[in-house]
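First comes the structure, then the notes that go with it.
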Amino acid sequence: MDCLFCQIIEGKIPSDLLYQDDQIVIFSDINPQAPIHKLIVPRKHIATMNDATAEDAALIGHMVLSAQKLAKQLSIAEEGYRLVWNTNKGAGQAVFHIHLHLLGGRVLHWPPG
1282 MDCLFCQIIE
1292 GKIPSDLLYQ
1302 DDQIVIFSDI
1312 NPQAPIHKLI
1322 VPRKHIATMN
1332 DATAEDAALI
1342 GHMVLSAQKL
1352 AKQLSIAEEG
1362 YRLVWNTNKG
1372 AGQAVFHIHL
1382 HLLGGRVLHW
1392 PPG
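Here the sequence shown is numbered in our numbering, starting from 1282 and rising by one per residue.
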């Protein structure tokens, strides 16, 4: 497969791996948009959120709760953080394997852009 995130998950491309389990991997974004910018990526390849199904609900919930836990570990939970899903090119999705962005460590303005 030619998917960048699948190659990272398989260990073919090095990453700043912070956490992994049987469902997800978490690593730092290589182009951070905030002082803390981590990616929560499922091992299962799902191209976009439009491709997620009811069968993926537990996986998506696990991604969100893992982001919450990481925010607490990184001491940004109390000051605030943002979770972002980008879906398709027009929303900024660059890698077509779903991933949840955890952003924090600075004031995040609204609207985001």
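Beta carbons are placed, not taken as given, at the ideal position from N, Cα and C, and that holds for glycine. Computed from a predicted structure; not experimentally measured.
Check                                                                                                                                          : Outcome
CB I1290 to CB H1343, shorter than 8 Å?                                                                                                        : no
How far does the beta strand (DSSP E) with K1319 in it extend, from its first residue to its last?                                             : 1317 to 1323
So, helix, strand or coil for L1340, using DSSP?                                                                                               : helix
Let's test the definition: count the other Cβ atoms within 10 Å of the Cβ of G1371 and tell me whether it reaches 16, buried, or not, exposed. : exposed
On the three-state DSSP scale, how would you describe G1385?                                                                                   : strand
In this structure, what does DSSP give as the bridge partners for S1309?                                                                       : K1319
With distances taken from CA atoms, which of S1347, L1383, D1303 is nearest N1312?                                                             : L1383
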